[in-house]
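Please read the structure below before turning to the comments.
Numbering (the numbering used here), first residue to last: 74 to 126.
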């Protein structure tokens, strides 16, 4: 799992490895530009459909 810091300065968004498209979770690095959708998770907002921009 990890957290995404949105460019707009809003609060970090949680994401789970299973939310990453194409199984590239292990290839993601801090600072990578990504796109994602946000859904209401059990503990607050959670990113889905995470992919490289």
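All residues carry an ideal CB built from backbone N, CA and C; glycine is no exception.
The structure presented is a predicted model; accordingly, all values stated were derived computationally and were not measured.
**Distance, residue 84 Cα to residue 108 Cα** = 16 Å
**Prompt:** Using the C-alpha atoms, what's the distance from residue 76 back to residue 94?
**Reply:** 16 Å
**Prompt:** So residue 120 and residue 110 are in contact, right, with Cβ under 8 Å, and what is the actual spacing, rounded?
**Reply:** 7 Å
**Message:** By the DSSP assignment, the beta strand (DSSP E) with residue 118 in it spans what residues?
**Reply:** 117–125
**Request:** Helix, strand or coil for residue 82, going by three-state DSSP, please let me know.
**Result:** coil
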